[in-house]
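Chemist:
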Amino acid sequence: MKTNFPMNPSLTLRFLVGGKSKFVRPEEVIFLESKINYTILYLTNGRTYLSARNLQVYENKLMVLPYFFRIHRGIIINMMHIEKIKLDKLSGSVLLQSGEELCISRRRIKDFEARYNAI
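Everything in the sequence shown is counted per my numbering, starting at 1399 for the first residue and increasing by one.
(1) How would you write the range of the beta strand (DSSP E) that I1473 sits in, first residue to last?
(2) Does Y1465 come out as helix, strand or coil in the three-state DSSP assignment?
(3) Suppose the cutoff is 6 Å on Cβ atoms and the five residues either side in sequence are ignored; what does the same chain contact list for M1461 look like?
(4) So, do the region 1496-1513 and the region 1452-1461 have three or more beta carbon pairs nearer to each other than 8 Å?
(5) Please list, in chain order, all residues of the same chain as R1513 whose beta carbon is under 6 Å from its beta carbon, the five residues on each side excluded.
(6) By Cβ distance, which residues of its chain are closer than 8 Å to L1414, with the 5 residues on each side in sequence left out?
(7) Check whether the region 1482-1489 and the region 1434-1453 touch, using three or more Cβ-Cβ pairs below 8 Å as the test.
(8) Once the 5 residues before and after R1445 are set aside, which same chain residues still bring their CB inside 6 Å of it?
(9) Counting C-beta neighbours from all protein chains within 10 Å, is the total for G1519 16 or more, i.e. buried, or is it exposed?
(10) I'd like the span of the beta strand (DSSP E) that includes R1412, first residue to last.
What follows is the structure, given as structure tokens:
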């Protein structure tokens, strides 16, 4: 896990669960997954939350943080939680500390590699 990145303690993600507001710090998010017009947040404590907002809303909010990256149209990952990376010219994937292995879009491999090496 990389730890040489700036944290922003004032930034939190807010979403509704059962009519109540929940607040999550970005470093608690392992990855976000798009499900049509909803987003599923996978957290370090093992919980998942379903948000009625689409992935673009979260991407716009998380763009200020260098350790979040959209690896393909349906997934944004937190690079703090990467266990292993498999890259070649035409394919790539990341293994997260939570055990999920997610594919990186071919057209995003170079940008992902550059961002990961920069943080």
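Ideal placement from N, C-alpha and C gives every residue a C-beta, glycine not left out.
Modeler: Reading from the atomic positions:
(1) I1473 to N1476 is the span of the beta strand (DSSP E), which, as asked, contains I1473.
(2) Y1465 sits in coil when the DSSP states are folded into three classes, being neither helix nor strand.
(3) By the criterion of a C-beta distance shorter than 6 Å, M1461 is surrounded by no residue of its chain, once the five residues flanking it on both sides are discounted.
(4) Contact fails: fewer than three Cβ-Cβ distances are below 8 Å.
(5) Beyond the five residues adjoining it in sequence on each side, R1513 comes within less than 6 Å, by CB distance, of F1467 in the same chain, given in chain order.
(6) Within its own chain, the residues whose Cβ lies closer than 8 Å to the Cβ of L1414, once the five positions on either side in sequence are excluded, are K1420, S1449 and A1450, listed in chain order.
(7) As far as the Cβ criterion goes, the region 1482-1489 does not touch the region 1434-1453, which means the pair count is below three.
(8) Hits under 6 Å: none found.
(9) Nothing in the structure corresponds to residue 1519, since the chain is present only between 1399 and 1517.
(10) Under the DSSP assignment, R1412 falls in the beta strand (DSSP E) whose first and last residues are L1411 to V1415.
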